[in-house]
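Okay, structure first, notes after.
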Amino acid sequence: MLSSAKHKINYSAFSIPSSTSSSLSHSLSQTKNMTQVTMEEVWKEINLASLHQHRRLNIDHEPVLSNQNPNNSIFQDFLNKPLNQEPPPSSSSTHHGSLLAPPATVISFNPHSIDTHFDESAMFGCFGKKRGQDSDESRGDKRHKRMTKNRESAARSRARKQERAYINELELEIVHLKKENARLKRQEEQMQLKMAEATQHQTKKILQRSWTSPF
Amino acid sequence: MSLSPRDPLVLARVVGDVVDPFMRLISLTVNYGQRQVTNGLDLRTSQVLNKPTVEIGGDDLRNLYTLVRLSPDVPSPSNPHLREYLHWLVTDIPATTGTAFGNELVHYENPCPNSGIHRVALMLSRQLRRQTVYAPEWRQRFNTRAFAENNNLGLPVAAVFFNCQRDNGCGGRRT
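Residue numbers (this note's numbering), protein chains in the order written: chain A, 338 to 552; chain B, -15 to 159.
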């Protein structure tokens, strides 16, 4: 991870020295104008470099910083991760809270807010500035939870709607097929009757000429 | 016949959350009173209080089947951490008969929900022999796939599901 991040930086227009976090933060202010992708990698690198004890949290927010996912799924994945886990020990619970709040700004790709975060990154294991206010965190937290739950239940009810539509289609098709089946059966009966008549007719007339050529 | 991707079982993620894709091999008819359960039918708690009448198809009375009724959305669809909950387990059902002829290992329970709209699935699997299926120790955290593997049931041969919600629910719609 570290090497790939460095690799990306080396491709930038600026010549950026490697590894130390101070030089990185300096280079980061320069790379403010670079693509967001590069900045995300660098941001990731800072976190990885400065903290090993918060490795678990890093794993938590790696999906946020991945380049391939669109905004929505990153957000959801990111939020779902802490929600599905068992309640972590209290020391990291505040980290979790602060994890949830700052991504709202990062994901909107606001370079300025990220910049301020970078300055303090060396001190914290966390992603972003540690907001001391618990109520802020929990309010944002609750709102995000509510949003994802709402989104999921909307998706479920859309799925239910589709199921109903499909069954309706099948029922209509059944009715249609039954009608056609009945029609075809009637046709077949009539044909058979005609065939029967025709054969009877023929046996009667066996000694007679069936065609007379016109004179 | 294999399941089309628009089959309600697939759309509702019953195939996926509960079982792996399977092929419908025999018929399964479930009736709660007069009402036949079609996939995705909306039922209320009061309508499913008692056991349904279940009839299965097939043609050889010697083939025995196991029927499982479970719900994967416990305690609520948005937070199913107790997935799945086993409502009913009947084994040794001979083909062409119904659950009345089988062995009820886990008696019928209808813990329909307080919140949300839960999927309730009934699944039929073929047994290798008589009395080879063992009931699990508890109802919640039931795992259909593990259960099938432990009892040599393989993939199901038929399944149907419906949506269950409480009696004075609003059908998932806000007015």
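Note that beta-carbon positions come from the ideal geometry of N, C-alpha and C, so glycine has one too.
For the beta strand (DSSP E) containing residue i, list its first residue and its last residue.
| i | result |
| --- | --- |
| threonine 75 of chain B | 69 to 78 |
| aspartate 26 of chain B | 25 to 28 |
| leucine 45 of chain B | Element bounds for leucine 45 of chain B: n/a, residue is neither H nor E. |
| leucine 137 of chain B | Here leucine 137 of chain B belongs to no beta strand (DSSP E), and DSSP marks it neither H nor E. |
| leucine 12 of chain B | 12 to 16 |
| glutamate 88 of chain B | 87 to 90 |
Check whether chain B comes within 8 Å of residue i, counting only Cβ atoms and requiring the distance to be less than that.
| i | result |
| --- | --- |
| arginine 483 of chain A | no |
| alanine 496 of chain A | yes |
| serine 429 of chain A | Because serine 429 of chain A sits at a pLDDT of 42, beneath the cut-off of 50, its placement in the model cannot be relied upon, and the point is left open. |
| lysine 486 of chain A | yes |
| isoleucine 504 of chain A | yes |
| glutamate 510 of chain A | no |
| arginine 480 of chain A | no |
| serine 472 of chain A | no |
| glutamate 553 of chain A | With chain A represented from 338 up to 552, any question about residue 553 of chain A goes unanswered, as that position is not in the structure. |
| arginine 501 of chain A | yes |
| arginine 493 of chain A | yes |
| glutamate 534 of chain A | no |
| glutamate 489 of chain A | yes |
How far does the alpha helix (DSSP H) with residue i in it reach, from first residue to last?
| i | result |
| --- | --- |
| phenylalanine 126 of chain B | Premise fails: phenylalanine 126 of chain B is in no alpha helix (DSSP H) and is neither H nor E. |
| valine -6 of chain B | -8 to -5 |
| valine -2 of chain B | -2 to 1 |
Since I believe residue j is in contact with residue i (beta carbons under 8 Å), could you give me their beta-carbon distance rounded to a whole number of angstroms?
| i | j | result |
| --- | --- | --- |
| proline 5 of chain B | valine -1 of chain B | 5 Å |
| alanine 119 of chain B | leucine 45 of chain B | Going by Cβ atoms, the distance from alanine 119 of chain B to leucine 45 of chain B rounds to 24 Å, so no, they are not a contact pair. |
| valine 32 of chain B | cysteine 154 of chain B | Contact doesn't hold; Cβ gap of about 18 Å is too wide. |
| valine 144 of chain B | asparagine 23 of chain B | 6 Å |
| valine 2 of chain B | glutamate 68 of chain B | 6 Å |
| leucine 27 of chain B | phenylalanine 146 of chain B | 5 Å |
| arginine 110 of chain B | leucine 137 of chain B | 7 Å |
| proline 12 of chain B | isoleucine 40 of chain B | The amino acid occupying residue 12 of chain B in the given sequence is leucine; proline does not appear at that position. Between isoleucine 40 of chain B and leucine 12 of chain B the Cβ distance is about 6 Å, and since that is below 8 Å, they are a contact. |
| proline 61 of chain B | serine 490 of chain A | 7 Å |
| leucine 70 of chain B | arginine 123 of chain B | 4 Å |
| leucine 89 of chain B | alanine 142 of chain B | Contact flag wrong, Cβ pair sits at about 19 Å. |
| valine 58 of chain B | valine 38 of chain B | That belief does not hold up - the Cβ atoms of valine 58 of chain B and valine 38 of chain B are roughly 22 Å apart, past 8 Å. |
Exposed or buried, which one is residue i when buried takes at least 16 other CB atoms within 10 Å?
| i | result |
| --- | --- |
| glycine 42 of chain B | buried |
| asparagine 447 of chain A | Note that asparagine 447 of chain A scores a pLDDT of 46, beneath 50, so its modelled location is shaky and nothing firm can be said. |
| glutamate 534 of chain A | exposed |
| threonine 536 of chain A | exposed |
| arginine 523 of chain A | exposed |
| serine 55 of chain B | buried |
| leucine 509 of chain A | exposed |
| aspartate -9 of chain B | buried |
| leucine 544 of chain A | exposed |
| arginine 53 of chain B | buried |
| serine -12 of chain B | exposed |
| aspartate 151 of chain B | exposed |
| valine 21 of chain B | buried |
| isoleucine 511 of chain A | exposed |
| threonine 549 of chain A | exposed |
| proline 551 of chain A | exposed |
| aspartate 478 of chain A | buried |
| alanine -4 of chain B | buried |
| alanine 302 of chain A | Shown here, chain A extends from 338 to 552; a query on residue 302 of chain A therefore has no answer. |
Determine whether the Cβ of residue i lies closer than 8 Å to any Cβ atom of chain A.
| i | result |
| --- | --- |
| alanine 143 of chain B | no |
| arginine -10 of chain B | yes |
| leucine 54 of chain B | no |
| threonine 159 of chain B | Any reading at threonine 159 of chain B needs caution, since the residue's pLDDT is 48, under 50, leaving its predicted position unreliable; the model's value is listed next. It does not: the Cβ of threonine 159 of chain B has no partner Cβ on chain A nearer than 8 Å. |
| histidine 13 of chain B | It is worth fixing the name first, because residue 13 of chain B is threonine in this sequence and not histidine. Taking Cβ atoms only, chain A never reaches closer than 8 Å to threonine 13 of chain B, which makes this a no. |
| asparagine 147 of chain B | yes |
| proline 61 of chain B | yes |
| alanine 105 of chain B | no |
| asparagine 152 of chain B | no |
| threonine 22 of chain B | yes |
| leucine -5 of chain B | yes |
Helix, strand or coil for residue i? Go by DSSP, reduced to three states.
| i | result |
| --- | --- |
| histidine 102 of chain B | strand |
| alanine 143 of chain B | strand |
| serine 62 of chain B | coil |
| serine 475 of chain A | helix |
| arginine 501 of chain A | helix |
| alanine 533 of chain A | helix |
| glutamine 20 of chain B | strand |
| threonine 540 of chain A | helix |
| glutamine 115 of chain B | coil |
| threonine 485 of chain A | helix |
| threonine 81 of chain B | coil |
| arginine 150 of chain B | coil |
| serine 494 of chain A | helix |
| arginine 53 of chain B | strand |
| arginine 110 of chain B | strand |
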